[in-house]
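Using UniProt numbering, the first residue of the sequence shown is number 6, and each one after it goes up by one.
Each residue gets a CB set at the ideal place from its N, CA and C atoms; glycine is no exception.
Values in this document were obtained by computation on a predicted structure and should not be read as measured data.
Shown next, in structure tokens, is the structure this report addresses.
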Amino acid sequence: LTEKMGETVRKLRGVDKITEKNVAGAMKQVKRALLDADVNLRVVNGLIKQIKERAIGAEVVPGVDPGQMLIKIMHEELTEIMGKDQAPLAKRSDGQPTVVLLAGLQGAGKTTAAAKLALYCLKDKRSVMLIAGDVYRPAAIDQLKTLGDMINVDVFSMGTDADPRDIIRKGIEKGKENKIDTLIVDTAGRQVIDAKLMKELKDVKDISKPDETLLVVDAMTGQEAATLTRSFNEEVGITGAILTKLDGDTRGGAALSVQQVSGAPIKFIGVGEKVEKLEPFIPERMASRILGMGDVLTFVERAKEQMDEREAEKMTKRMMEAKFDFNDFLKQTKMISSMGSLAGVMKMLPGVGSISSAKMAQAEAKLKLADSLIKSMTVKERTNPELLYSGGSARSRILRISKGAGRSRDDAEDLVKDFLKMRDMMSRMSKQMVNGQGGPGGS
Ligand code: GDP
Ligand code: MG
């Protein structure tokens, strides 16, 4: 029991700092996760460097190990990089229509996204019109018209013989005449990035002077997303992106690449073929998806909530002075149980999966036993555990407590002995640590 309690307390004492050494394993894990999520390798290396700079020396939340803390910091960093808050779709307030231009490779989901955005605008109480700027595939105009019909939105088109530049010019004129709030321009894509595509896009952009140029990126392109974004951003310039096809099991590393390469926010994500399957991009959620370590993140969050740093400092001080009493002990076990069962908490910790459930149950039973005995103690006994060990009344106190808790005398005696041993050990340990760090010497 001493060992178990000592370990628990050590984990909770809250004096750890992140060092390069104590997070080496977690650093590897994070890198692996990013690569698995298809984040571009160059982007990954940049991020790892960044996280190292930020994390080394950072305080570790009590109850959490440095590796878990690192993962948490990485999550915060990724969230911040990806924009922290959700970036809204542009909206003009000068009475002119807001023009949204969609660009991207063939099959990325531009036409689908155009209709999805139109529906989004309707829900935002904006009047909206779609402009069919893809003349190279006859089916593209029909596709947009079908989608427009479904949501009752007009589609401006001039057939496949017209020049896209003329279509855009006339479409915008018509939008102005009809006092439409938002005009969404669907454009042609190609299978690869080439000069012709870029030239046409640049022209269309010059003509339409869009308030938003959104790059539509297929999330499944993974690594490619970085190169793609670089070209479009350098040649045409983008104000944001829509990441499509996130309804599959891709981890979404493309989101990070797009953001890192262009600095532009992802504004929406596509999560299905249907026209209503568009969601705002939430950086925090995407960061969790990319890291794929939800359990650890939840665990650190809960630990943070359960015990603030001040409390931990107070506790450490009491340990050093060997003033740690049964009240402190109760506080700590309560903290553990409010995080879920001990077994549940342990399972969330990486590398602890190997503890047998029998052992876990045993530890849990011991904590319960201790809890019931402590609750049968008087306030005076809880704050002065030695009263139960030596002195004339110790024997009768132990008897009364064990009876009150419905436990045996041995149980009560063991608890007290173990507790005092542990307290002594904690005190020595924390003094050693402080001395090692060059703090005030003991005695
Ligand atoms: P475009 O060539 O860029 O205009 O791409 P399309 O809009 O025609 O979409 C290409 C294919 O991807 C179509 O079959 C769409 O139904 C599909 N698609 C588009 N967005 C999504 C999405 O978010 N999830 C899924 N699963 N499929 C999508
Ligand atoms: Mg299309």
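Burial state of A259 is buried, judged by a 10 Å Cβ sphere holding 16 or more other Cβ atoms. Here the segment 71-84 does not lie against the segment 168-176, with fewer than 3 beta-carbon pairs under 8 Å apart. Linking R412 to L378 through their CA atoms gives a straight-line distance of about 8 Å. Under a 10 Å Cβ-count criterion, P143 is classified as exposed, with fewer than 16 other Cβ atoms of the shown protein chains found around its own Cβ. Using a Cβ distance threshold of 7 Å, K121 and V276 do not count as a contacting pair. Per the C-alpha coordinates, the member of Q264, G68, G180 positioned closest to F304 is G68.
For the 7 Å CB-CB criterion, D191 and A137 form a contact. Taken atom to atom, the span from the alpha-carbon of K150 to that of E217 is near 22 Å. Listed as beta-bridge partners of K22 by DSSP are E64.
Distances from the CB of D147 to the heavy atoms of the ligand MG are all 6 Å or more. A119 and I189 do touch by the CB rule: their CB atoms are close to 5 Å apart, below 8 Å. Taking the Cα positions, D376 is about 7 Å away from L335. Assigned with DSSP and collapsed to three states, K272 falls in strand.
Separation of S407 and R433 (C-alpha to C-alpha, rounded to the nearest whole angstrom) is 30 Å.
Taken from the Cβ of D252, at least one heavy atom of the ligand GDP lies inside 6 Å.
In the three-state scheme derived from DSSP, where H, G and I count as helix and E and B as strand, T383 is classed as coil. At the C-beta level, F329 and R428 come within 7 Å of one another. The DSSP assignment places complete alpha helix (DSSP H) segments of no fewer than 4 residues inside the segment 115-183 at 115-128, 143-156, 169-182, in order along the chain.
With a threshold of 16 other beta carbon atoms within 10 Å, D139 meets it and is buried.
Annotation: the segment 224-289 contains the following complete segments of the alpha helix (DSSP H) (minimum length 4 residues), in chain order: 229-240, 258-267. According to the DSSP assignment, I76 belongs to no beta strand (DSSP E) but to the alpha helix (DSSP H) extending over 71-86. In chain order, I403, L404, S407 place their CB closer than 7 Å to the CB of R414, counting only its own chain and leaving out the 5 sequence neighbours on each side.
D191 carries a strand assignment under DSSP once its states are collapsed to helix, strand and coil. Assignment of V197 by DSSP, reduced to helix, strand and coil, places it in the coil class. Residue environment for T24: exposed (fewer than 16 other C-beta atoms within 10 angstroms of its C-beta). Counting only residues of its own chain and dropping the five nearest sequence neighbours on each side, P285 has a CB closer than 7 Å to the CB of Q91, F273.
E182 is classed as exposed because its beta carbon has fewer than 16 other beta carbons within 10 Å across all chains shown. Counting only the Cα atoms, E369 lies some 16 Å from D423.
Here L107 carries a strand assignment [DSSP, helix/strand/coil].
Taking the Cα of T165 as reference, the smallest distance to any Cα among L152, A366, Y141, K175 is reached at Y141. In the three-state DSSP reduction, V44 falls in the coil class, being neither helix nor strand. When beta bridges are read from the DSSP output, L220 appears opposite A108, A246.
If you check the C-beta of D139 against the ligand MG, you find a heavy atom less than 6 Å away. Under a 10 Å Cβ-count criterion, N45 is classified as buried, with 16 or more other Cβ atoms of the shown protein chains found around its own Cβ.
Taking one beta carbon from each stretch, the segment 226-244 and the segment 261-270 have 3 or more pairs nearer than 8 Å; the two touch. The ligand MG has a heavy atom closer than 6 Å to the beta-carbon of K115.
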